[in-house]
Amino acid sequence: MVEEADTQKQADISDHSPYGGLAAYQQDAATLLMQTNPAGVLVEIEHQLRGEIYDSEDDKWIDKKSPLLNEKGINGVMSILKSIVNTNCILSNLSEKRIQLIIENVGKNIADLLLIEFEDYGVKKSNLSTIVFLCCNMCYFALMRGYDEGERKFLKTTQRSTEHITVSPPQQAGKRTFADRLFK
Numbered sequence: 207m208v209e210e211a212d213t214q215k216q217a218d219i220s221d222h223s224p225y226g227g228l229a230a231y232q233q234d235a236a237t238l239l240m241q242t243n244p245a246g247v248l249v250e251i252e253h254q255l256r257g258e259i260y261d262s263e264d265d266k267w268i269d270k271k272s273p274l275l276n277e278k279g280i281n282g283v284m285s286i287l288k289s290i291v292n293t294n295c296i297l298s299n300l301s302e303k304r305i306q307l308i309i310e311n312v313g314k315n316i317a318d319l320l321l322i323e324f325e326d327y328g329v330k331k332s333n334l335s336t337i338v339f340l341c342c343n344m345c346y347f348a349l350m351r352g353y354d355e356g357e358r359k360f361l362k363t364t365q366r367s368t369e370h371i372t373v374s375p376p377q378q379a380g381k382r383t384f385a386d387r388l389f390k
């Protein structure tokens, strides 16, 4: 029981320490997860299909031009993209040739879908190539994160460096360390 109280006290101290502790580790893990999550790519594509741009001053998406397709069309295109741009693909070991094949298939599938459903999706024929290019381009760069285990190698390196960091507690005012006394 005393041991549990001591353990909790140590955890409380490290959580509120200016040097981090568990809270800093959790915050770093959350930040890393956010940075490596490919969902942001899908959000960006969806907003661009809607004709919206991000206004960093107001911290919101605003309508800048007319949408490239209607809501039903956006949902149809996004369903194709969600099968490609996901954590499994990003954390894979993809070759350049495999990435090119995936992108070619994405482009073909989106083009076929839009050609078949262009009236139902409210697509202007002049926007077909823009939509396909936008989707393929964004997917290509997302998949390149999985090229030659790129994202996985990055995460392994980050994990190793996190495991090897040692933080010493802050010194109290007036107390001198052995090194301070030795080199005074």
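Counting from 207, one number per residue, gives the positions in the sequence shown under our numbering.
C-beta: ideal position from N, C-alpha, C; glycine also.
It should be emphasised that the depicted structure is a prediction, and the values quoted were computed from it without experimental measurement.
Contact check for residue 269 against residue 282 fails: the beta carbons are separated by 8 Å or more. The bridge partners DSSP lists for residue 269 are 258. Between residue 255 and residue 280 a beta carbon distance of about 5 Å is seen, short of the 8 Å cut, so the two are scored as contacting.
Going by DSSP, residue 335 is part of the alpha helix (DSSP H) stretching over 334-349. Relative to residue 352, the option among 296, 248, 245, 310 whose CA is nearest is 296. Straight-line measurement puts the Cα of residue 266 at about 24 Å from the Cα of residue 285.
For residue 325, there is no enclosing alpha helix (DSSP H), as DSSP gives it neither H nor E.
At a Cβ-Cβ threshold of 8 Å, residue 274 and residue 336 count as neighbours. Look at residue 275 here: in three-state DSSP terms it is coil, with no helix or strand label.
Take residue 344, set aside five residues on each side of it, and the residues of its chain with a beta-carbon closer than 6 Å to its own are 247, 251, in chain order. Within 10 angstroms of the beta-carbon of residue 259 lie fewer than 16 other beta-carbons, which makes it exposed.
Between the C-alpha atoms of residue 332 and residue 272 there is a straight-line separation of about 13 Å. Distance between residue 244 and residue 348, taken at the CA atoms: about 7 Å.
Residue range 293-296 is occupied by the alpha helix (DSSP H) that includes residue 294. A residue is called buried when at least 16 other Cβ atoms come within 10 angstroms of its Cβ; residue 319 meets this threshold and is buried.
Exposed is the label assigned to residue 307, since fewer than 16 other Cβ atoms lie within 10 Å of its Cβ.
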